[in-house]
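Residue numbers (the working numbering): 387 to 582. Below you'll find the structure, written out as structure tokens, and then a few comments.
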């Protein structure tokens with residue numbers, strides 16, 4: 387299915403990724419407008435104000451008929467937007483500007499914002515699966531046990547980048563106490579049980 391004539395919106399997380407690689411708000415908005423104008427697509431730009439806001443914005447813009455909803459940020463921003471659009475007839479595109487950009491890498495999306503935007507407004511749609519863990523939806527991956535504890539510690543630190551991630555890992559690994567987890571599906575309830 388190709389793009390509809392609906393207006394697009396870029397939901398930009400201005401604090402995604404390492405500070406040294408971040409574009410300013412004006413620079414990001416200008417790039418969106420240039421690429422959209424070149425593709426003859428009407429576009430708006432919205433900036434997130436904190437955790438959870440990308441999902442709220444995505445639901446609002448979807449309700450007003452915007453498509454695609456462009457998640458500009460890291461894996462967290464992408465997950466919020468995807469979760470907000472799940473089970474709706476919505477189209478999400480990604481401009482990966484985070485530290486990891488796991489889903490974008492798996493999908494072969496360019497890490498260059500201009501090229502990713504061009505794909506977003508001119509590309510073809512494809513369907514991806516979502517997972518659910520603990521009542522929350524996720525794309526690409528989800529962690530439990532130590533991995534989840536490190537991710538939580540990392541999320542509470544100021545700033546981003548490899549150095550902060552190593553700090554979060556080292557500060558967590560020595561005080562972490564494992565729990566017992568049971569993993570299953572609707573079809574097979576007991577696939578795994580053990581400590582993590």
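Idealized CB from N, CA, C, for every residue including glycine.
Own chain residues within Cβ distance below 6 Å of residue i, not counting five before or after
i, result
"residue 540", "551 and 554"
"residue 563", "none"
"residue 526", "488 and 489"
"residue 571", "none"
Span of the beta strand (DSSP E), counted from its first residue to its last, around residue i
i, result
"residue 522", "522-524"
"residue 427", "That residue, residue 427, is in no beta strand (DSSP E); it is neither H nor E in DSSP."
Per DSSP, cross-strand counterpart(s) of residue i
i, result
"residue 456", "396 and 479"
"residue 518", "523"
Distance CB(residue i)-CB(residue j) smaller than 8 Å
i, j, result
"residue 417", "residue 503", "yes"
"residue 440", "residue 460", "no"
"residue 481", "residue 454", "no"
"residue 402", "residue 484", "yes"
"residue 472", "residue 516", "yes"
"residue 438", "residue 413", "no"
"residue 514", "residue 443", "no"
"residue 415", "residue 431", "yes"
Sequence-distant residues of the same chain with beta carbon closer than 7 Å to residue i, five excluded per side
i, result
"residue 388", "Below a pLDDT of 50, predicted positions are generally treated as unreliable, and residue 388, at 48, falls in that range; no measurement from the model is reported."
"residue 476", "448, 453 and 455"
"residue 411", "400 and 433"
"residue 529", "537"
"residue 474", "448"
"residue 491", "none"
"residue 421", "500, 503, 504 and 507"
Host alpha helix (DSSP H) of residue i (start-end)
i, result
"residue 441", "439-449"
"residue 412", "411-424"
Proximal residues to residue i (C-beta, below 8 Å), its chain only, five neighbours per side dropped
i, result
"residue 505", "479, 495 and 496"
"residue 565", "531, 581 and 582"
"residue 463", "397, 399, 402, 434, 440, 457 and 484"
Residue i: CB within 7 Å of a non-hydrogen atom of the ligand GTP
i, result
"residue 582", "Although the ligand GTP was asked about, the structure shown includes no ligands whatsoever."
_Give the list of continuous beta strand (DSSP E) stretches no shorter than 3 residues that lie fully inside the stretch 535-580._
566-569
*What are the complete alpha helix (DSSP H) segments, minimum 4 residues, inside the stretch 461-512?*
461-471, 488-493 and 499-508
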